[in-house]
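Under my numbering, the first residue of the sequence shown is numbered 503, with each subsequent residue one higher.
Note that CB positions come from ideal geometry on N, CA and C, so glycine has one too.
For clarity, every value in this text was computed on a predicted model and none was experimentally measured.
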Amino acid sequence: MTPLDVRSARPDQLVEGDKGQWEIIVGLEVHAQVTSEAKLFSGASAAYGGEPNAHVSLVDAAMPGMLPVINKFCVEQAIRTGLGLNAEINKKSRFDRKNYFYPDLPQGYQISQFKEPIVGEGAIEVEPDGEEPITIRIERLHLEQDAGKSIHDLSPSETFVDLNRAGVALMEIVSRPDMRSAKEAAAYFNKLRSIVRALGTCDGNMEEGSMRADVNVSVRRPGQPFGTRCEIKNVNSTRFMMQAIEYEARRQIEILEGGGAIDQETRLFDPNAGETRTMRSKEDAHDYRYFPDPDLLPLVIEEKWIEEIRASLPELPDAKKKRFVSAYGLSAYDASVLAGDSDAATYFETVAKGRDGKAAANWVTQELFGALNKKGLELGQSPVKAEQLGALLDLIKDGTINGKIAKDVFAKMMETSEAPGAIVEREGLKQVTDTGAIEKAIDELMAANADKVADVQKNPKAFGWWVGQTMKTTGGKANPAVVNEILKKKLGV
Ligand code: MN
503 MTPLDVRSAR PDQLVEGDKG QWEIIVGLEV HAQVTSEAKL FSGASAAYGG EPNAHVSLVD
563 AAMPGMLPVI NKFCVEQAIR TGLGLNAEIN KKSRFDRKNY FYPDLPQGYQ ISQFKEPIVG
623 EGAIEVEPDG EEPITIRIER LHLEQDAGKS IHDLSPSETF VDLNRAGVAL MEIVSRPDMR
683 SAKEAAAYFN KLRSIVRALG TCDGNMEEGS MRADVNVSVR RPGQPFGTRC EIKNVNSTRF
743 MMQAIEYEAR RQIEILEGGG AIDQETRLFD PNAGETRTMR SKEDAHDYRY FPDPDLLPLV
803 IEEKWIEEIR ASLPELPDAK KKRFVSAYGL SAYDASVLAG DSDAATYFET VAKGRDGKAA
863 ANWVTQELFG ALNKKGLELG QSPVKAEQLG ALLDLIKDGT INGKIAKDVF AKMMETSEAP
923 GAIVEREGLK QVTDTGAIEK AIDELMAANA DKVADVQKNP KAFGWWVGQT MKTTGGKANP
983 AVVNEILKKK LGV
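Listed below in structure tokens is the structure:
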């Protein structure tokens, strides 16, 4: 029996076909590369890049007689991830051989976990942009080896094989089919990424393929059992993921409305064409002839070790978000932007320490992120360090500069990485709070604009012009509060 699932799509998530409405069902299998120096069953380096076949031990090359030895740290990383996903840790798990033949898989099988994975059921909370939070259930997380890489574009007649990746530890995180839109799937993937990054168990680098998703898509009439699904392989960006899901759902709806049936198959997304294409008809589990790997004992984990790992978990994005809201008074949105990325969270807290949290959040999420975006830089490459941004906020707070000048100073800091105080000093940007100087500027303005003096007394809206002109004649450096006060007094408004 095909189970009806716990979640139904909201009415606004239903897709309109020619013959009525459809519900999109998405489940994700995410491969996340374990952050580890060495591979899962050998001591070879797991570092990205390197000369082809430079990080290959005899075990990875599957030389006769070689035996795998499990890397304890990779197991620890999997347990840590399972705990971060609020999932059950299985005290006994087992490695199986998944048999298939491919030139970049020298063993002729992948060591994976089939019936008894190291991590069982869990759940995470996901907040699609501007929507209510949803809970996505995790079915399992298992450990397995990555394969090598076939290189087809170096020669017109030959294929080269690079085994640097062969044997690198992966965590395959399998969700339940709980997502009902492309947006939900992307939000789930991003949340997973922020959790493993916070845990330090996967670097989440999608360009280097550290995280990639196999996306299962099917459609059904609302309230009906699940339909046949297609799996879109190796999607490595959330943008492509969303495009692939939307394209694939449309394709299936057209087939079903035309009276056809969906073939269960594995497809590839072509980002240039914006479409999915058949790769191969889908294998079932029995096609892989799984059996327990006789070279490896079952993995038995002691409760004490699990508890030690649990005690060492860092603060996770959800908890951090709650703390940012309560401790700094941030909006839920700002809090989740900052808490969702460990680097952003650390940067923000350095700026906010001993300062106004809301002002710090504004500067980080708006000015800083905006400027970095324009330059195409990551936060780690920011020319302005957190301590310097904090110093800029101090200059505003103590009245040395006003908010407008601060933005100019910030722009210069982005160019030169100088301390804000040095820029203010050199360029003479200190705020003018000297009432005498401001009064003098206003007196001159009033003398030159007698008609406008009469006007502002009848029309209070004209006051803005006076503020603007006074700021202009003082080079933007006047203290706006002082300007307002003196103008009101002198103009009698
Ligand atoms: Mn896998």
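If you draw a straight line from the Cα of Ile636 to the Cα of Ile527, it is about 15 Å long. Within the same chain, Tyr849, Thr852 and Val853 come within 7 Å of Ala888 by CB-CB distance, once the 5 residues on both sides are set aside. Counting along the chain, Met781 sits inside the beta strand (DSSP E) bounded by residues Glu777 to Ser783.
DSSP lists Arg599 as the bridge partner or partners of Phe793.
In chain order, Leu947 place their CB closer than 7 Å to the CB of Gln971, counting only its own chain and leaving out the 5 sequence neighbours on each side.
Residue burial annotation: Met673 is buried, with at least 16 other C-beta atoms found within 10 angstroms of its C-beta. Burial check for Asp655: the Cβ neighbour count within 10 Å stays below 16, so the residue is exposed. Counting along the chain, no beta strand (DSSP E) covers Met744; the unbroken alpha helix (DSSP H) around it starts and ends at Thr740 to Glu759.
DSSP places Glu709 outside both helix and strand once states are collapsed to three, so it counts as coil. Here the distance from the Cβ of Glu674 to the nearest heavy atom of the ligand MN is below 6 Å. Secondary structure note for Gly519: it is in no alpha helix (DSSP H), and the uninterrupted beta strand (DSSP E) holding it is Val517 to Gly519.
Under the three-state reduction of DSSP output, Ala980 falls in the strand class.
Assignment of Ser683 by DSSP, reduced to helix, strand and coil, places it in the coil class. Bridge partners of Ser652 according to DSSP: Val663. For the pair Val958 and Ala950, the Cα-to-Cα distance works out to about 14 Å.
Listed in chain order, the non-local C-beta contacts of Pro554 below 6 Å within the same chain comprise Asp664, local neighbours out to five positions each way being set aside. For Pro679, the closest C-alpha among the options Gly859, Pro619, Thr778 and Val532 is that of Val532.
Annotated as distal: Ile898 and Leu931, with beta-carbon spacing of 7 Å or more.
DSSP places Ser838 in the helix class (H, G or I) of the three-state scheme. Annotation for Ala625: the continuous beta strand (DSSP E) segment containing it runs Gly624 to Val628. Judged by DSSP secondary structure, Val955 falls outside any beta strand (DSSP E) and instead within the alpha helix (DSSP H) spanning Ala952 to Lys960. Ala540 has Ser547 as its beta-bridge partners, per DSSP. The DSSP-derived three-state label of Ser614 is strand. Counting only the Cα atoms, Leu815 lies some 28 Å from Arg857. Nearest Cα to Gln609 within the set Lys521, Leu585, Tyr830 and Arg599: Arg599. Taking all protein chains in view, the Cβ of Met565 is surrounded by fewer than 16 other Cβ atoms within 10 Å, so the residue is classified as exposed. For Gly892, the closest of Asn875, Glu880, Val911 and Leu874 by C-alpha to C-alpha distance is Val911.
By the CB criterion at 7 Å, Lys574 and Val802 fall outside the cutoff. Comparing C-alpha distances from Gly882 to each of Ser544, Ala847 and Asp514 shows the shortest one belongs to Ala847. Residue range Ile636 to Gln647 is occupied by the beta strand (DSSP E) that includes Thr637.
Closest in C-alpha terms to Val969, from the list Lys954, Asn986 and Asn961, comes Asn986. Boundaries of the beta strand (DSSP E) harbouring Ile527: Gly522 to Gln535, taken from the DSSP string.
Under DSSP, Ile734 forms a beta bridge with Val717 and Arg769. Taken through DSSP and simplified to helix, strand or coil, Met948 comes out as helix.
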